[in-house]
Every structure is written in structure tokens, then in C-alpha cells.
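Per the numbering used here, the first sequence runs over residues 246 to 736.
Yeah, the Cβ is synthetic: ideal placement off N, Cα and C, and Gly gets one too.
Treat the numbers as computed from the prediction; the structure is a model and nothing was measured.
Have a look at the structure below, then the notes.
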Amino acid sequence: MNDFKEIKVRFAPSPTGPLHIGGARSALFNWLFARRYNGKFIVRIEDTDLDRSSRESEENILSSLRWLGLDWDEGISVGGANGPYRQTERLDIYIRYANQLLERGLAYKCYCSEEELAAQREQQLAAGEMVRYTGKCRDLTPEDCERLEKEGRKPVIRFKVPLGRNIIINDIVRGEVSFECDGIGDYIIVKSDGIPTYNFAVVVDDHLMSISHVIRAEEHLSNTPRQVLIYEAFNWPMPEFAHVSLILGKDRSKMSKRHGATSIEQYRDLGYLPEAMANFLALLGWSSGKEQEVFSLEELCSQFSLDRVVKSPAVFDLDKLNWLNGHYIKTSPVERIAKLAVPFLQKAGYLSENPDDKTMEKVQLVVVAVRDYLEYLAQINDYVDVFFNDPEYSDPEARQVLSWEETPTVLRAVIDKLAAMTSAHMDEAAAKSLLKKLPKDLGLGGKKVYLPLRSALTGKTRGPELYHLLPALGNSAAIRRLETALDVAGH
RNA sequence: GGCCCCAUGGUCAAGAGGCCUAAGACACCGCCCUUUCACGGCGGUAACCCGGGUUCGAAUCCCGGUGGGGUCACCA
């Protein structure tokens, strides 16, 4: 298909903020593609925007990537033969190539000021034309340059875009896309401070790093002809391009902060599981063609292919993410969910800083009792109070139930049974059998038994299964609550 | 506005000319299970943007329109 010996792809974020949902999907697609075809995945940092880039963002992005379960064969923080992998550490390389273009007359220095350019841009915009540089400095003589530099002007380097040409891109997901060169205008490849621009650095790096497939978001499609021109100027082999459609917000515009949580870390902090996030992201723009919705990372690796990537943009559907995440919460080992739940419980004050083993056992029992309710872990605090704090019996419905004349009989019966038990905690099976026998033993209907019990134990008429509640509470706490309830009801 | 991309239910999407009386999933609604609330099970409502072609036959191919989106920086 192309001239490259091996499949090699990259994710090249600019460290100007946390990892965005869209960026995460691009990273995932690249990673899946590499894993599927036994290629290499590399991560490179594009930090040529000095004002907005930061090490904090870089760290943040990398940690989000790792959290999602992605790893890379080469690149930032793991090294490799084609480093460095931070563009600001490769400046001499770009200058060398830019000078080559200058020498060959394929690029030139431009001394136009930003003010002049801004005015021109406005004029073109108003006239309804494509905004582009008109080539004012294209034919400056060396003497002109010298004079302008003496005036103190610092030049940028512009690439000389050939006139009258048509650039055709064969995009893997989009098919043939063509652009007229006349609409592009000579663009800047090196800024006046000597830092290369994206459109130039990306090509130099992708070439030097032998990138065979450029998989990225559709917003880059209109940049592609500029990059193609650079490949051609150096006579470098062209990679395949695959432009994946954007992820949209509810209002169908490009996803941004206004649409709610947009960064991976925000979802992580709300208690979304990485495998749910990856599964969901994979389904945004790709489908297996089969009737399967739940995919492990491994399954994704073995099934992913670019020809099943959809062309149309996808709206970010929080409902579906929630469903998937809930699914993973229900099906993961309890120990894991319990561990993940700890920070949330601590934040709400239910747990101390370093919960001991005994506490963790209780947390597991709590998780067993409530995890079916959860879409994401932060919601756990909506359901667990009943396990950690004795009820206040302020709920009118529960008080009503406690005032039933059969209630004391039920509560006393259970108190007796609990008191007679040899172990301090019963397990789920023991709780179930105790509960099951109750109605018959007391000669009462289930409603008359379970509702009073629930109300006495929790102060509420709805909540987790009693057979989950009893083991988590422990016998003495249960007895205490039942006795308090008898008092409260005035029996 | 110029250039570029896109167009199947509310959302994600299957569909690559007859198999479509158009999958599946999320959401929604109903029933069942549960003597609570969820979970779960079963069922239901709901879509090929419009107009022209091409063809015996079009959701699928072509053209036009409309709509939506992206992009037009010394940002990536």
C-alpha cells in the first residue's frame, strides 16, 4: 500500500491542557491500529507553542494515556532511536531542513509585520475570499532582505506554494479529497523566533520517525495539503492519511468545555473505569459490524480496523457511557471496585485516611450491596450513608411503618435471633435463610415483616437488599438499631 | 463568506443495487422478576433530509438543493 517497511503510527499531542476526549480517541485508534497489525506506536510531544505548552499538561496527558491502558513502543519518557521526542528539543533539525528549502528557492523569508497581515486578513474575509498570504515578499532580493533586517525586522520563513496545482489526498476513511493550491497561500514554516510551525515540524518528525500512517481528527484535513507539499519538496515517501470524524457535543458542534466534562481526568475523577472509557471511545466512530457492544481492550486490539471507521461525526452520548461503565462496575471483581471506591468514601467522611483490613472488608460488603445502583463511583455516596451512620428515623413513610402494631413483634424476633448467633457477622447465605423463615415463623405476610425491618434498620422504606445490609452492618449494630427503632416508635 | 467534510430512529450505529416489511445497542415506554428502590428478563414506540437522474430494481451509484460540521493564525 505504501513504501514503509513496517506499520508505525503516532499520537502527537500539544501539551496545552489535559487530555481531551477527542485526543484520547485519536490516541486509542492509533494504538489499536498499531497493535492490530503488529506495528509500532509512538508518542511525541508537539510543544512548539511556547506560550501555551507546559510540563504539567504533558505529565497529565501521559498519565491519562497510561490510565486508559495505552502504552507506547517509542517516544516521550520511554525513549527510542529517533529521539528526542519533544519538538522544542529538536529545533536544530527543523532549521536545517528549512535552510535547505531556502537554498533551493522553495521557501523564502518574509518581513511583513503582524499588523499588516491582520489588516490583509480582515480585508479578505470581508471580501469573502479564502484568507491567505498574497506573496508580497516572494521576490525580495538579498539587498531588500538586508535593508529590512537593518530596520530591525525579524523574518519568518514561508513555503512557496506552487500556483495552479491541485493536491489530491487519498484518505483511508474519506476517500479522494482534493484541494486547489491557489487557495492556500504561502504559509509560515518557521516563526520569527526561529521555532517551526506545526505544519512543518509535523512532517519533518513524521518522516524522520518513519510514520507510515497518520491517523488523526478531521479538523486536520484542511492542513493536509500543506503537509503534502512539504513531503513533495523533500521527495519523502508519503504516509497514508486517515482522518477520523470529530466527536460532537449534544448541540452537534465540536466538543468543548461548554458540553460538560471533556477531559479524561475528569471522568477518571468521577469514578469511570478505564476499560469502560476505552470501550466507549472505540465505539465512537468505529463499529465491529457484529452485534457486540462490550469489548475488552484485547478484543478491540484484535478486531479494530480503519475500514470500519465511520465517516460521519458522532455525538458524545453520556447515557451510553454511563450504561457501559455501570456494566463494568457490576462485573468487575468486588475487591477492585472496593479499592476504587475508597477515595470517594473518604471524601464524604465515611472512611479515615488509612482504612484497616477490617474496614476494607466492610467496604467490600457495602460495594456488593450498592454497586448495582451505580453508573460511576462518585455516585456511591448517594447510597451508603445507611451503612455508616445510624438512622434518624425522620422519614415519614418509615415512621408510619414503625408504628404498625405488628412491628414490635418482628423487631423483637429479629433481635433475639441476632443475639443468639455465635458469630458477630453473618454471611449473605445466613442472612438469606434467616430472612426467609421469618414470615412463616411469625405468621405474617412478607410486607409486614420486611418493611418494618427495613425501616428499623435504615430509617427508609427503600434501599439495598436486607441480606446485603445485615452482613455489612454486623450483628451488634443491627441489634442497636432495632432497639432504637422500638424506642422511636414508642413501643 | 471561500475551501473542505458529512447526512439511516432522540443518540451510537449495521447496511457496500435485489436477502430491507431496514439489524443491534443506549435512552424512553410497558410487562415480568423482586413483598422496597435499582439490577435483570421480555416486549414496544421510533429512521433511510429533499429533488432529479442511472437501473427491470436504489438507504445503497451520479448530479443538484437543503441542513449540519470543520477550517481559514508567527495555535496545534
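Given that a residue counts as buried once 16 or more other Cβ atoms are within 10 Å of its Cβ, and exposed if not, what is residue i?
i, result
"K253", "buried"
"V631", "buried"
"P484", "buried"
"A586", "buried"
"M522", "buried"
"P482", "exposed"
"A326", "exposed"
"L408", "exposed"
"K285", "buried"
"G571", "buried"
"I413", "exposed"
"V733", "buried"
"N240", "Lying outside 246 to 736, the shown extent of the chain, residue 240 is not represented and no answer is given."
"M454", "buried"
"R255", "buried"
"L295", "exposed"
"R461", "buried"
"N444", "buried"
To the nearest angstrom, how far is it from the Cα of residue i to the Cα of residue j?
i, j, result
"A364", "D450", "33 Å"
"Q530", "L370", "The sequence given here places Gly at residue 530; Gln does not occur at that position. If I take the Cα positions, the gap works out to 33 Å."
"R270", "L346", "35 Å"
"F424", "I434", "19 Å"
"D672", "V608", "14 Å"
"A643", "E536", "45 Å"
"R497", "S467", "20 Å"
"K662", "L679", "8 Å"
"D514", "A527", "20 Å"
"A446", "G267", "22 Å"
"T379", "E367", "13 Å"
"P636", "H670", "20 Å"
"V489", "V448", "19 Å"
"R725", "P588", "28 Å"
"D318", "K499", "31 Å"
"P387", "E348", "12 Å"
"V555", "E464", "15 Å"
"D602", "K584", "11 Å"
"A257", "I456", "12 Å"
"E520", "L687", "48 Å"
"A723", "N305", "45 Å"
"I340", "S299", "23 Å"
"T729", "Y638", "10 Å"
"E391", "S532", "59 Å"
Based on the DSSP output, what are the partners of residue i in its beta bridges?
i, result
"D416", "G420, F486"
"E319", "I287"
"I433", "R403"
"K253", "K285"
"E425", "N411"
"P441", "V435"
"W531", "V554"
"G492", "The sequence given here has Ile at residue 492, not Gly. Note: I492 sits in a beta bridge opposite A559."
"Y353", "R403"
"K311", "The amino acid at residue 311 is misidentified as Lys; the sequence shows Arg. Its beta-bridge partners do not exist; DSSP assigns none."
"S508", "H265"
"G331", "The amino acid at residue 331 is misidentified as Gly; the sequence shows Arg. In the DSSP output, where bridge partners are listed per residue, R331 has I290."
"I456", "Looking at the DSSP assignment, I456 forms no beta bridge with any residue, so it has no partner."
"A462", "V489"
"G324", "G320"
"K499", "L493"
Whose C-alpha, out of the options, is nearest the C-alpha of residue i?
i, options, result
"E360", "L474, E251, R398", "R398"
"G494", "H265, R725, T729", "H265"
"P400", "I414, S358, L610, Y595", "S358"
"Y712", "T667, D732, V615, E620", "V615"
"S648", "A674, I412, G735", "G735"
"A272", "C382, A487, E301", "A487"
"L474", "P519, S533, C426", "C426"
"F249", "Y432, E304, H458, Y339", "H458"
"N344", "A675, W317, F404", "F404"
"G430", "K685, E301, A352", "A352"
"F561", "E544, K705, V611, H504", "H504"
"A717", "K705, D640, N634", "N634"
"F274", "N524, L689, T729", "N524"
"T261", "E251, E303, W276", "E303"
"W568", "Y618, S322, A559", "Y618"
"K436", "K354, R383, K502, K395", "K354"
field: Stretch-stretch touch, CB-based, cutoff 8 Å, three pairs: the stretch 505 to 520 with the stretch 305 to 320
entry: By the criterion of at least three beta-carbon pairs nearer than 8 Å, the stretch 505 to 520 is in contact with the stretch 305 to 320.
- request: Decide yes or no for the touch test of the stretch 266 to 281 against the stretch 531 to 551: beta carbon pairs closer than 8 Å, at least 3 of them.
  value: For the pair of segments examined, the stretch 266 to 281 was found to touch the stretch 531 to 551: the number of CB pairs separated by less than 8 Å reaches three.
message: For the pair the stretch 689 to 700 and the stretch 645 to 661, tell me if three or more CB-CB distances fall below 8 Å.
response: Put simply, the stretch 689 to 700 touches the stretch 645 to 661. At least three CB pairs are less than 8 Å apart.
- prompt: Can you find at least 3 beta carbon pairs, one from the stretch 284 to 294 and one from the stretch 321 to 335, that sit closer than 8 Å?
  reply: A contact is defined here as three or more CB-CB pairs under 8 Å, and the stretch 284 to 294 meets this definition with respect to the stretch 321 to 335.
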